[in-house]
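Next comes the structure, spelled out in structure tokens:
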């Protein structure tokens, strides 16, 4: 169906109800049907809204900056991920290895998984071995973790695994990440001693509730220092910073990956962990 000028018409809720003829369903299942349909439409609507905000934030920046949206799907059911996938989302982020390993075989193989949780060295093998389409690990914060991922990648992968150095830019002890003054040494170790890893960039988590760009500015400075020390250009290193509450601010500071979860999928169930 289209409008008089040939453009598609956006159906109202009533149109959609009539289109799918839910009255053909038993009365006991009609409420469940509408609840599921509403949830799916909400995921799609939220995803499109976030994409629009990402595009708007990029447009305000000079130059040719690009930014990849990573949909953080931790603790969310497969139906939500499938809905986002059907809306052309391909980059997804997970925080828990066990959950990611369980989801991977049940979802399309062309999904690009980002692991954004803390990596324990004794679980690096499981992560790499059991997630064949693992695209990137954004949370490398020690030589030990880098070495464990490198060893596993050499054993189970035919291509290099993209990794980022996680930098603690807020100074909060409860947060993972190497402090900025250690980032050059770790980045150099990955580049020179981990032949099965590809140093892709730097990642940080801003201070919760902070409305300033202080943490993001620190990561930008850190990238400059790492690039200079290693004979690279700054654009050789991506920046992953910004989540649901601050991704637009992060983009304004130069972020090339943003990790957005609850704004797309809604509140999470944190009882689902490794």
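Residue numbers (the UniProt record's numbering): 1 to 274.
Using N, Cα and C, we set each Cβ at its ideal position, and we do this for glycine too.
| Item | Value |
| --- | --- |
| Distance CB(residue 163)-CB(residue 140) smaller than 8 Å | yes |
| Spatial neighbours of residue 176 in its chain, beta-carbon cut-off 8 Å, leaving aside the 5 residues before and after | 118, 139, 141, 166 and 168 |
| Alpha carbon of residue 70 to alpha carbon of residue 158, nearest angstrom | 24 Å |
| Extent of the continuous alpha helix (DSSP H) to which residue 82 belongs | 78-86 |
| Distance CB(residue 264)-CB(residue 84) smaller than 8 Å | yes |
| Exposure label - residue 29; buried when at least 16 CB within 10 Å | Low confidence applies to residue 29: its pLDDT is 46, below 50, so where it sits in the model is not reliable, and the reading given next is rough at best. Exposed is the call here. |
| Alpha-carbon spacing of residue 206 relative to residue 261, whole angstroms | 15 Å |
| Residue from 72, 60 and 59 whose Cα sits closest to the Cα of residue 47 | 72 |
| Cβ-based burial, residue 102 [other Cβ within 10 Å; buried from 16] | exposed |
| Buried or exposed by the 16-neighbour rule on C-beta atoms within 10 Å, applied to residue 192 | exposed |
| Paired residues, beta bridge with residue 115 - DSSP | 94 and 137 |
| DSSP-derived helix/strand/coil call for residue 259 | strand |
| Uninterrupted beta strand (DSSP E) stretches inside the region 126-204 (no shorter than 3 residues) | 134-140, 161-166 and 197-203 |
| Paired residues, beta bridge with residue 47 - DSSP | Paired residues: none, contrary to the question. |
| Distance CB(residue 97)-CB(residue 123) smaller than 8 Å | yes |
| Nearest to residue 220 (by Cα), restricted to the options 82, 238 and 136 | 238 |
| Neighbourhood of residue 107 by C-beta distance below 8 Å, restricted to the same chain and skipping five residues each side | 78, 81, 82 and 85 |
| Classification of residue 132 by the beta-carbon crowding that lies within 10 angstroms, buried from 16 upward | exposed |
| Cβ-Cβ distance between residue 143 and residue 197 below 8 Å | no |
| Cβ-based neighbour list, residue 247, same chain, cut-off 6 Å, excluding 5 preceding and 5 following | 258 and 260 |
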